[in-house]
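Have a look at the structure below before the remarks.
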Amino acid sequence: MYHLRRAYKSKPGQARKVVTLDHLEAQIFRDTSQRGEFNGYFNPGNTTGEKNRVVLQWNDDMIRSIFRSENDIPYKALEIQRELVDLTEDNWLEINELLTPEKMVQ
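Start counting the sequence shown at 27; every next residue gets the next number (the working numbering).
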């Protein structure tokens, strides 16, 4: 199992719009059984931490390339991705192995 985080540095004043769009995109992937449950969070500058930071996170049993041949990305998700490009300065994916009972050290 893996814990994945898609992080964005939004343009100033756009964090809430970015997290909303990212949430809508994740719903599309969940509704087409390409992703499970997820949650998103953001900091527009009114809390401690990185200002203009947006994160969407989820768990998955394997890491799948977006470029895999059988990957059918819904058109609406592609539209949202194009809109996100205009609202963000950077984005990256963080992947960590999730601790599960069978991985624990005895």
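Here a beta-carbon is modelled for each residue, glycine too, at the ideal position from N, C-alpha and C.
Item, Value
"Contact between the stretch 98-105 and the stretch 45-64 (3+ Cβ pairs under 8 angstroms)", "yes"
"Three-state class that DSSP yields for Arg-90 in the structure shown", "coil"
"Rounded C-alpha distance that separates Arg-31 from Leu-124", "12 angstroms"
"Chain-order list of residues whose beta-carbon lies under 6 angstroms from that of Ala-33 (same chain, five-residue window excluded)", "Val-81, Trp-118"
"Straight-line Cα distance separating Met-130 from Asn-122", "15 angstroms"
"Simplified DSSP assignment, three categories, for Lys-43", "helix"
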